[in-house]
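S.K.:
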Amino acid sequence: MAKKEKRDVLVSYDFLPIFKKLIEKNNALAAAELTVAIISYDKDGTEPSFSDDSIILVWESVIKPKLDANKIKYQKTCEERREA
Numbered sequence: 059m060a061k062k063e064k065r066d067v068l069v070s071y072d073f074l075p076i077f078k079k080l081i082e083k084n085n086a087l088a089a090a091e092l093t094v095a096i097i098s099y100d101k102d103g104t105e106p107s108f109s110d111d112s113i114i115l116v117w118e119s120v121i122k123p124k125l126d127a128n129k130i131k132y133q134k135t136c137e138e139r140r141e142a
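Numbering of the sequence shown is given in my numbering, commencing with residue 59 and proceeding in unit increments.
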């Protein structure tokens with residue numbers, strides 16, 4: 059059986075207040091940059107750069123750790139299913 063390639067990223071509901079606050083503060087560009095960063099980082103590990111330095115704190119303290127935890131959980135699930 060051919061190995062299936064991961065094609066999706068899990069975006070936590072925890073991120074919703076961050077995106078809403080950015081949009082409320084008229085910073086839709088930062089929200090868009092975070093969205094692209096989430097997808098790129100999950101897909102191939104690309105470390106993002108942001109036009110707004112304040113977004114780095116959100117990335118490092120909230121978003122990146124959650125994505126890393128999700129990736130570990132996904133890899134564990136894949137391994138368990140391979141062994142089954």
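Where is the CB? At the ideal position from N, CA and C, for every residue including glycine.
#1: With three or more beta-carbon pairs closer than 8 angstroms as the criterion, would you say the segment 115-124 touches the segment 85-105?
#2: Along the chain, where does the alpha helix (DSSP H) containing Ser98 start, and where does it finish?
#3: Alpha carbon to alpha carbon, how far is Val67 from Asn84? Give it in angstroms, no decimals.
#4: What first and last residue would you give for the alpha helix (DSSP H) that runs through Leu115?
#5: Tell me which same chain residues have a C-beta within less than 6 angstroms of the C-beta of Phe77, skipping the five on either side of it?
M.R.: For this structure:
#1: yes
#2: Looking at the DSSP string, the run of the alpha helix (DSSP H) that includes Ser98 is 86-102.
#3: Asn84 and Val67 have their alpha carbons spaced roughly 26 angstroms apart.
#4: 111-116
#5: Ala89
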